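Structure first, then comments.
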Ligand SMILES: NC(=O)c1ccc[n+]([C@@H]2O[C@H](COP(=O)([O-])OP(=O)(O)OC[C@H]3O[C@@H](n4cnc5c(N)ncnc54)[C@H](OP(=O)(O)O)[C@@H]3O)[C@@H](O)[C@H]2O)c1
Ligand SMILES: NC(=O)c1ccc[n+]([C@@H]2O[C@H](COP(=O)([O-])OP(=O)(O)OC[C@H]3O[C@@H](n4cnc5c(N)ncnc54)[C@H](OP(=O)(O)O)[C@@H]3O)[C@@H](O)[C@H]2O)c1
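Protein chains in written order, with the UniProt record's numbering: chain A, 1 to 355; chain B, 1 to 355.
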């Protein structure tokens, strides 16, 4: 317990990054439950001042000293930095909430979505809790709610992923490419967009302006991408369904922020659209936005910058009374990353306060 | 039989339209099997001259006279014009190949894809053959080839549909919207793209630049769109599988031309990726483009302006040895419309020549 206020001390490791910046906004907007908030980054950033809760706070370099006396440490840093330093923070008594890809599939590290499996956060043999990948997070809250009622047996998922999933470089690349293609007649003959974009493809293997690119992540076995495997493995782990059938194809689209996904979800029992809509309308963290006659279905343009997962186009499969079709959309930089990390940290803080 | 060359007389009804224009290009590129090619449109266009096979041909107005002595009549006109005039052409002895939505689901009208069900073109009680919808056509050729080997039992399809599926107005709308968003920081706060685009949404219910829109067509029962129902009904009819399980979600993306689809295809028997790749590599009208390690997978930017259906990302479902995942991509203005109509007309011409 910190002396200053009897509230837990929070460290934000990676406070200067893309995710870290959104985190500081969220910490400033949410109920103020923290004592000291310590901002940590690489030695490059030591001495910079950043604003959080309306105060200027000086960034310190990541070392053992910086992790002393910390109750909860959020890690928003590259995988290799998290791999090295999260265990150090845990050894010094902090509960680590890690937003990198370093621990998501570690069997001794729980993977937590507070609306779906909050209980899992309490069992953390390594003192580390992992935050799921942004694409998984953009769909898992409504699926968790439907699973609790109907029992999920299979998912077929296709993604429409925003460029900011590839960080600041992804956004800059799309904007640069759009400047090259806007006001032209491009997009009508083979390779014309590719020639206009040249080598300015940034973190993507193909031009993303006026295009869609069926690839995200690195190559894994049998033609699967790492991102597709992640969505399968993480969905199974979060839902506690180690044998859930999951098929995924990941596709990048020219959208700045907010991932969308089509989901074909099959359940153990027959489903009805009315009951599914009731569940989605009342599930925490979910907005049901589904009235096509009135032009209502979620799109990234409306969802960006908001906290919940939006769900529309709810239909029962015409040929299978156990399956639902959904279109889901969530902000990959909020629920898909910083917001979920903040929510996990708040769970831990509540446990800390009650202990 | 026409006197001039002993070759069949072709009428192109709707020669001045978007599809008609691509048709005249295709007729100029393909082997010249036709006698007279008569160009027909509304009275508004009568007297205009259009180029086909390197000659200038004068457009005549659609009436009974214009349809006399025609052996094959392609209809590339709005539904209501086809509904009225296709039976007139058939009554006067022409075989009609209709590219509108008027007859696709008529049980007395075959729905033909020459690579998949050429035999169906011979049984045409009304003298009319229908061309499938562009979204169905953008995926059905490789699926027909896989079905012939493995026996298809279920499809789960998500589309990434280009704006030219909504005609010239769709293309103009995307280009206008891109000019409004390029060079800005838009796409990062709720509704910012919508405000910039204002009422310039054209044929789409929402902005399509920097966005994806999960809607195509009109509202049918239980929340399904007409386009989603079409893909289901047409796939069943073309493949001759009236009880095939088909689930579809249609999504518009900011691409000018070439529809893409993710396909989860389940078969009667176990499949192997090697055998699937063999089939796709040799199937007529299909290009297998699938080597992610070398950066090879189809994207609209490469596929636009080409004739075949491109297939990549071929994977066997990790949790179901009877299912394959595919990413397919085809030009909706070529195979998706004018090219398939031309191919059907060529089948009929071959039959005519042999009779
Ligand atoms: N972008 C997304 O949508 C997203 C979503 C979910 C999860 N994530 C994950 O979140 C993590 C951060 O991503 P990001 O997009 O915020 O990356 P970023 O913008 O590159 O920020 C990286 C942060 O890590 C710090 N850092 C780098 N090396 C360090 C070191 N050796 N010691 C201490 N701090 C170091 C950087 O500090 P300096 O400024 O001092 O270099 C910076 O604060 C990554 O693991 C990423 O995979 C990203
Ligand atoms: N765009 C696509 O991707 C696509 C794909 C597959 C199928 N289709 C279908 O193909 C058909 C044509 O589409 P489109 O995009 O080419 O449309 P379009 O550009 O609007 O062209 C319509 C054509 O129909 C003619 N026409 C209209 N009213 C007529 C009348 N009363 N009598 C005679 N001719 C008349 C027009 O002649 P004038 O120039 O004289 O008006 C013009 O040649 C539609 O049924 C459409 O659904 C379109």
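All C-beta atoms, glycine included, are put in the ideal place defined by N, C-alpha and C. All of these numbers come straight from a predicted model, not from anything done at the bench.
If distances are taken between C-alpha atoms only, which option among the options comes closest to residue i?
i, options, result
"residue 51 (chain B)", "B:62, B:67, B:15 and B:34", "B:15"
"residue 340 (chain A)", "A:271, A:206 and A:129", "A:129"
"residue 263 (chain B)", "B:37, B:288, B:232 and B:325", "B:325"
"residue 35 (chain B)", "B:7, B:289 and B:76", "B:7"
"residue 330 (chain A)", "A:251, A:286, A:344 and A:72", "A:286"
"residue 191 (chain B)", "A:346, A:205 and A:300", "A:300"
"residue 136 (chain A)", "A:230, A:310, A:319 and A:254", "A:230"
"residue 85 (chain B)", "B:13, B:138 and B:247", "B:13"
"residue 251 (chain B)", "B:79, B:316, B:104 and B:160", "B:160"
"residue 96 (chain A)", "A:77, A:73 and A:116", "A:73"
"residue 211 (chain B)", "B:193, B:40 and B:227", "B:193"
"residue 315 (chain A)", "B:53, B:225 and B:199", "B:225"
"residue 99 (chain B)", "B:241, B:60 and B:334", "B:334"
"residue 125 (chain A)", "A:138, A:54 and A:107", "A:107"
Look up residue i in the DSSP assignment and give the residues it is bridged to.
i, result
"residue 264 (chain A)", "A:156 and A:325"
"residue 52 (chain A)", "A:55"
"residue 253 (chain A)", "None, per the DSSP bridge assignment."
"residue 75 (chain A)", "A:13 and A:98"
"residue 319 (chain B)", "Residue 319 (chain B) is not bridged to any residue."
"residue 225 (chain B)", "B:219"
"residue 309 (chain B)", "B:286"
"residue 296 (chain B)", "B:291"
"residue 161 (chain A)", "A:252"
"residue 245 (chain A)", "A:154"
"residue 144 (chain B)", "Bridge partners of residue 144 (chain B): none, in fact."
"residue 61 (chain A)", "A:41"
Residues of chain B with CB under 8 angstroms from residue i, in chain order?
i, result
"residue 224 (chain A)", "315 and 318"
"residue 194 (chain A)", "301 and 302"
"residue 167 (chain A)", "The premise fails here: residue 167 (chain A) is roughly 14 angstroms from chain B at the closest Cβ pair, so nothing lies under 8 angstroms."
"residue 138 (chain A)", "What residue 138 (chain A) touches in chain B: nothing, since even the nearest Cβ is about 13 angstroms away."
"residue 251 (chain A)", "160, 260, 262 and 327"
"residue 323 (chain A)", "247"
If I'm right that residue i touches residue j with Cβ under 8 angstroms, what's the distance once you round it to whole angstroms?
i, j, result
"residue 256 (chain B)", "residue 162 (chain B)", "6 angstroms"
"residue 132 (chain B)", "residue 64 (chain B)", "In fact, because the Cβ distance is near 29 angstroms, the residues do not count as touching under 8 angstroms."
"residue 118 (chain A)", "residue 283 (chain A)", "With 8 angstroms as the limit, residue 118 (chain A) and residue 283 (chain A) do not qualify as a contact, their Cβ atoms being about 14 angstroms apart."
"residue 276 (chain A)", "residue 174 (chain A)", "Contact flag wrong, Cβ pair sits at about 34 angstroms."
"residue 271 (chain B)", "residue 150 (chain B)", "5 angstroms"
"residue 177 (chain A)", "residue 208 (chain A)", "6 angstroms"
"residue 328 (chain A)", "residue 247 (chain A)", "No, residue 328 (chain A) and residue 247 (chain A) are not in contact; Cβ-Cβ is about 16 angstroms, not under 8 angstroms."
So, for residue i: in the same chain, excluding its five sequence neighbours on each side, which residues have a beta-carbon less than 8 angstroms away from its beta-carbon?
i, result
"residue 70 (chain A)", "9, 10, 11, 38, 89, 92, 93 and 94"
"residue 2 (chain B)", "For residue 2 (chain B), the predicted structure reports a pLDDT of 45, less than 50, and the residue's modelled location is therefore unreliable. A value from the coordinates is still provided. Answer for residue 2 (chain B): 8, 9, 35, 36, 69 and 71, listed in chain order."
"residue 296 (chain A)", "289, 290 and 312"
"residue 17 (chain A)", "41, 76 and 77"
Tell me which residues share the same chain as residue i and place their Cβ nearer than 7 angstroms to its Cβ, disregarding the 5 neighbours each side in the sequence.
i, result
"residue 353 (chain A)", "none"
"residue 83 (chain B)", "102"
"residue 4 (chain A)", "In this prediction, residue 4 (chain A) scores a pLDDT of 40, lower than 50, which makes its location untrustworthy; no coordinate-derived value is stated."
What residues in its chain sit with their C-beta under 6 angstroms from that of residue i, if we drop five residues either side in the sequence?
i, result
"residue 338 (chain A)", "19, 22, 23 and 26"
"residue 113 (chain B)", "140 and 238"
"residue 30 (chain A)", "none"
"residue 274 (chain B)", "none"
"residue 154 (chain A)", "245 and 266"
"residue 203 (chain B)", "166, 169 and 170"
"residue 120 (chain B)", "110 and 112"
"residue 365 (chain B)", "Residue 365 (chain B) cannot be examined here, being either before or after the span of chain B that is shown, 1 to 355."
Would you mind telling me which residues of chain A sit closer than 7 angstroms to residue i, beta carbon to beta carbon, in chain order?
i, result
"residue 215 (chain B)", "292 and 297"
Given that residue i touches chain A, what residues does it touch there, using C-beta distances under 8 angstroms?
i, result
"residue 377 (chain B)", "Lying outside 1 to 355, the shown extent of chain B, residue 377 (chain B) is not represented and no answer is given."
"residue 17 (chain B)", "Chain A residues near residue 17 (chain B): none, gap ~17 angstroms exceeds 8 angstroms."
"residue 188 (chain B)", "256, 257, 304 and 305"
"residue 270 (chain B)", "None at all; the shortest Cβ gap to chain A is about 15 angstroms."
"residue 191 (chain B)", "301 and 302"
"residue 312 (chain B)", "214"
"residue 219 (chain B)", "292 and 293"
So with CB distances below 9 angstroms, who are the chain B contacts of residue i?
i, result
"residue 232 (chain A)", "318 and 319"
"residue 210 (chain A)", "174, 178, 254, 255, 256, 300 and 301"
Which chain A residues sit within Cβ distance under 9 angstroms of residue i?
i, result
"residue 179 (chain B)", "182 and 183"
Which residues in chain B sit within 7 angstroms of residue i, going by Cβ to Cβ distance?
i, result
"residue 264 (chain A)", "156 and 247"
"residue 205 (chain A)", "295"
"residue 227 (chain A)", "Going along chain B, no residue has its Cβ under 7 angstroms from residue 227 (chain A), so there is no contact; the nearest lies around 12 angstroms."
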